[in-house]
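Remarks on the structure that follows.
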Amino acid sequence: MRFLFTLLFAAVSLHAVSGLAADDPARGKELYASCVACHGDSAQGNPALKAPRLNQLAPVYIVAQLQNFQAGIRGGEGDSDSARQMAAIAATLADEQAMYDTAAYIATLESAPAAPTVEGDVVQGRGYYQQFCAACHGPAAEGNPALHSPRLAGADDWYLLAQLNAFRSGARGTHPQDRTGKQMRAMAGVLPDDQALAAVVAYIGSLPQ
Ligand code: HEC
Ligand code: HEC
């Protein structure tokens, strides 16, 4: 009982310290109007614009990425054109509350996962995934908020491949303040070659959404 109280107290004070109001998906819907052109009205993504599906992601991960884009930790000097484009948009969000509200709205949206575009050896990919990825992203690629690891199941395969290549080339995860990106950059480096990348992405695509 005492333990429960301590937990409750910790949760309440954390919220007070953050100074944020409860998430407001209705306000998030208004803010999301500036995202629709690229990510789509259901946040289903648009490969022609290299804008990924977002509605499968945990709000906490969306907010963390928006913060990184806004701070130039992601999408800064040396990053891909698509990441830099997204950084410019993130700069227009007024504050952290706006990010939480937008993420809360995105969480209410639904769409079917996109059809696969990356071909790879699913059996080989399963081996790589279980050995090198599952510890952080979860056995079913469901993600693990405690480790800041995003859900990968249901993500666009072309986007997963592009991000793995960005981590490997240093276009993502090299900013000195990007602690989580640095971790992931090290992991992207353990995959031996392009064939292994395609295999692991094809395997993730084969998992239930
Ligand atoms: C001009 C097109 C464009 C607009 C408008 C746009 N985005 Fe993006 N967004 C992108 C692109 C392109 C990427 C992929 C960046 C990369 O390749 O690293 C992206 C990536 C993201 C990511 C990272 C997803 C992940 O899995 O890491 C989030 C979160 C995101 N956008 C949220 C938003 C929100 C919220 C808005 C509206 C406030 C928005 N975007 C508006 C183009 C856009
Ligand atoms: C040590 C924990 C850890 C391991 C192991 C790990 N990851 Fe990650 N991964 C992360 C974290 C943390 C992030 C978020 C990075 C950030 O905040 O920008 C991430 C991000 C990603 C992203 C970007 C997703 C997006 O929506 O932007 C992809 C793709 C990815 N991981 C794939 C993999 C694959 C494939 C493996 C196995 C080869 C793997 N990860 C192993 C921790 C890990």
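39 is the number that the numbering used here gives to position 39 of the sequence shown; each next residue is one higher, with no gaps. Backbone N, C-alpha and C define an ideal beta-carbon position, used for all residues, glycine too.
In chain order, which alpha helix (DSSP H) runs of at least 4 residues are fully inside the stretch 31-95?
-> 36-39, 59-71 and 81-90
Alanine 169 (DSSP reduced to helix, strand or coil) | What you label residue 169 is simply residue 169 of the sequence shown in a count that begins at 1. It should be pointed out that residue 169 corresponds to serine in this sequence rather than to alanine. Serine 169: helix per DSSP, three-state reduction.
Can you grab the Cα-Cα spacing for the pair glutamine 163 / alanine 88, in whole Å?
-> Taking the first residue of the sequence shown as 1, we reach residue 163 at position 163. Taking the first residue of the sequence shown as 1, we reach residue 88 at position 88. The straight-line gap from Cα to Cα measures roughly 19 Å.
Grab the span of the alpha helix (DSSP H) containing tyrosine 129 for me, first residue to last.
-> Taking the sequence shown and counting its residues from 1, the one referred to as residue 129 is at position 129. Neither: tyrosine 129 is in no alpha helix (DSSP H) and is coded neither H nor E.
Go to threonine 180, then tell me how far its alpha helix (DSSP H) extends in each direction, as first and last residue.
-> For the purposes of this step, residue 180 is identified with residue 180 of the sequence shown, where counting begins at 1. That run of the alpha helix (DSSP H) goes 179-188.
Rounded straight-line distance, which links the Cα of aspartate 178 to that of isoleucine 73 = Walking along the sequence shown from the start, residue 73 turns up at place 73. Walking along the sequence shown from the start, residue 178 turns up at place 178. Their backbone Cα atoms lie some 6 Å apart in a straight line.
Once you ignore the five residues that flank alanine 107 on each side, which residues in its own chain have a CB closer than 6 Å to its CB?
-> Within the sequence shown, numbered from 1, the residue matching residue 107 stands at position 107. Around alanine 107: Pro59.
Is any heavy atom of ligand 2 found at a distance shorter than 7 Å from the C-beta of methionine 184?
-> Numbered from 1 along the sequence shown, position 184 holds the residue referred to as residue 184. Under cutoff, so the answer is yes.
Cβ pair count under 8 Å reaching 3, the stretch 91-101 against the stretch 147-161 | no
At which residues does the alpha helix (DSSP H) containing valine 201 begin and terminate?
-> What you label residue 201 is simply residue 201 of the sequence shown in a count that begins at 1. 194-206 is the extent of the alpha helix (DSSP H) around valine 201.
Using only the heavy atoms of ligand 1, determine whether one of them is closer than 7 Å to the beta carbon of leucine 49.
-> The residue labelled residue 49 in the question sits at position 49 within the sequence shown. Checking every heavy atom of ligand 1 against the Cβ of leucine 49, one is found closer than 7 Å.
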